[in-house]
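First comes the structure, then the notes that go with it.
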Amino acid sequence: MKTTTTFIFLALFSLLCHAQTTMDKILVTIGSQTQNVTLADNAATEALVKKLQQSPVKVTLNSSGDFEIWGSLGFSLPTSDQHITAQPGDVILYNGSNICIFYGSNSWSYTRLGKIDGLSASELRTFLHAGERNISVTLSLTNTTGIESISSTPSTEDVDSFYTLNGVKVNNPQKGVYVKNSRKVIL
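Numbering (the working numbering) for the sequence shown: 1 to 187.
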């Protein structure tokens, strides 16, 4: 019995440690769309993840210079600025307290936070509402669902839809684990 209990404890401890040290993604939600951001490995992203563990962060961003949306985070993060050329999809910390999400490119002294995964240049511009003002953006951890309410009678469209375990609708599911018809499915 003691051996089994010790084994279970060590297995759970290993999983817990692994979960805490592999936090390499956050979510960016604009409107009803959510995208993954793969994080850079630096003090700024560690501090951002700690902040997001308390609660999601909501910011209002504005387009600027036809290459980014940006605005104040409302708090400061540690900087490790380097002169870089930001590319479409890059998520950047500017002056320690401003977040910039690029749909074009620009060279400046920034701290890299991460990069939005898997969007073409056109899809990125659409997702970021390029050229618009007062864009409501939510930063959160991947363990949040984004589900605001639950309906007991799904629409016919929702019945045949696939969703990630984070609650994000997937139009073209690939291999992986999804939710369909309120059940977990593996493709």
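Every residue, glycine too, gets a C-beta built ideally from N, C-alpha and C.
Secondary structure within the region 12 to 69: the alpha helix (DSSP H) runs of 4 or more consecutive residues, fully enclosed, are 43 to 54 (chain order). Residue pairing for Ser80: DSSP places it in no beta bridge.
Contact between the region 66 to 83 and the region 92 to 100 is present: three or more C-beta pairs spanning the two stretches fall below 8 Å. Judged by DSSP in its simplified three-state form, Ala130 adopts coil rather than helix or strand.
Annotation: Phe127 to Val168 spans about 14 Å, alpha carbon to alpha carbon. Note on geometry: alpha-carbon atoms of Ile69 and Thr34 lie some 16 Å from one another. In this structure, Leu141 places its C-beta atom within 9 Å of the C-beta atom of Leu27. By DSSP's assignment, Val177 forms a beta bridge with Ile186.
Just so you know, the alpha carbons of Ala121 and Ile186 end up roughly 30 Å apart. Distance check between Gln54 and each of Glu132, Thr79, Leu139 and Lys175 places Leu139 closest, using alpha-carbon atoms only. In this structure Thr85 is not in contact with Thr111, their Cβ atoms being roughly 14 Å apart against a cut-off of 8 Å. Closest in alpha carbon position to Ser107, among Val49, Phe67 and Asn134, is Phe67. Looking from the CA of Met23, the closest CA among Leu52, Gly31, Ser32 and Ile30 belongs to Leu52.
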